[in-house]
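With positions in the sequence shown counted from 1, the corresponding number in the working numbering is that position plus 2. So the structure is just underneath, and the comments pick up after that.
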Amino acid sequence: MTGRCLVVDDDAEIRTSLTAYLAGFGWEVIAAADGRALRQALASTPVDVVVLDLMLPGEDGLTLLRWLSTQAQTPPVLMLTARGDTMSRVVGLELGADDYLAKPFEPRELVARLQALVRRASKGGAPADDTRLLRFGRWRFDRLARQLVSEQDVSVALSSAEFRLLAAFMQRPGRVLTREQLIELTRAPGVEVNDRSIDLAVSRLRAKLGDTAREPMLIRTVRGEGYLFDAEVTPC
């Protein structure tokens with residue numbers, strides 16, 4: 003699967019080589035040297051995925067990630083980081099990046115990761131409705147702020163794991179999701195997820211929603227199968 007890719011890197015040689023390499027696999031590539039060029043490109047042309055170098059002059063990649071997270075329609079973002087720059091990778095993933103590669107990298111791996119990101123997005127990796135606020139039960143879900151908002155307008159912050167889990171449930175209300183499906187839907191690069199971590203995330207999310215394992219109203223346990231999000235999801 004290919005599409006239109008926006009490559010953001012201040013190194014002209016890297017932009018040229020990536021453009022040529024990706025084009026060889028059928029990608030349409032737009033190259034940008036900095037944040038200004040990134041904004042201009044996104045304002046004029048929709049893209050399927052962004053390759054974003056974090057070490058940029060002026061506005062760095064993390065600043066641009068914050069900006070991207072505030073946009074109504076954000077394509078998947080793959081970060082390019084310096085090898086061993088663990089903190090930047092962690093912060094980038096927390097800010098909403100979908101994947102990362104450490105430089106220097108194997109170009110064929112980049113192609114495989116981009117294809118996976120576009121394939122995941124095409125299968126419904128985000129809610130079809132682009133509205134920032136979604137409603138379910140007595141709650142509103144602020145997708146950009148990653149918060150739950152109660153009827154009393156009290157905001158409840160979500161961890162990254164809780165956010166990914168709730169987003170997965172809200173994309174598939176009324177459907178039983180196995181733990182294996184939830185692992186795949188909530189997996190973040192560099193983070194190990196297993197059955198136990200899914201159960202713990204469900205428990206923490208239930209607590210924030212005021213749900214209980216004994217009498218769940220929103221996240222129901224289906225014995226021998228998995229979990230079901232029992233709520234109607236509508237845009238606010």
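All C-beta atoms, glycine included, are put in the ideal place defined by N, C-alpha and C.
Give the single residue among the options whose Cα lies nearest to the Cα of residue i.
i    : options                   : result
A1   : A118, L136, Q154 and S152 : Any property of residue 1 remains undetermined from this structure, which presents the chain solely from 3 to 238.
T83  : P237, V53, A209 and W69   : V53
S157 : R174, L135 and L167       : L135
G94  : D55, K105 and L207        : D55
G226 : T180, V9 and S19          : T180
L67  : R91, M172 and T47         : R91
R140 : V224, V49, S19 and T236   : T236
A114 : V195, A104 and T4         : T4
I242 : S71, D62 and K105         : The question about residue 242 has no answer, for the chain in this structure spans 3 to 238.
W69  : R38, T47, V49 and P48     : R38
L112 : S46, V195 and V51         : V51
E182 : S19, Y229, V49 and L168   : Y229
T170 : S161, D155 and E186       : First, the amino acid is wrong: residue 170 is Ala here, not Thr. The residue with the shortest Cα to Cα distance from A170 is E186.
Name, in chain order, the residues that DSSP records as bridge partners for residue i.
i    : result
E30  : R6
G228 : T180 and V224
Y23  : Looking at the DSSP assignment, Y23 forms no beta bridge with any residue, so it has no partner.
L135 : D144
V52  : L8 and V79
L103 : L82
L2   : For the chain, the structure presents residues 3 to 238; residue 2 sits outside this window and is missing.
T236 : R137
How close, in whole Å, do the beta carbons of residue i and residue j come, if the pair is a contact with beta carbons under 8 Å?
i    : j    : result
A99  : V120 : About 15 Å separates the two Cβ atoms, so there is no contact after all.
C238 : L116 : So it is not a contact: roughly 33 Å between Cβ atoms.
R174 : F231 : 7 Å
V9   : T21  : 7 Å
A34  : L40  : 5 Å
Can you check whether the CB of residue j is closer than 8 Å to the CB of residue i?
i    : j    : result
T188 : A159 : no
G60  : D36  : yes
R177 : F165 : no
R142 : V151 : yes
L64  : L97  : yes
L211 : I200 : no
A233 : L220 : yes
Y23  : P109 : yes
Y102 : M89  : no
R208 : P218 : yes
Taking 7 Å as the cut-off, is the beta-carbon of residue i closer than that to any non-hydrogen atom of the ligand PLP?
i   : result
L82 : Summarising the ligand content, the structure contains no ligands, and the ligand PLP is consequently not present.
Mind the definition here: the segment 23-31 touches the segment 55-70 only if three or more C-beta pairs lie below 8 Å; say whether that holds. Result no; under three Cβ-Cβ pairs closer than 8 Å.
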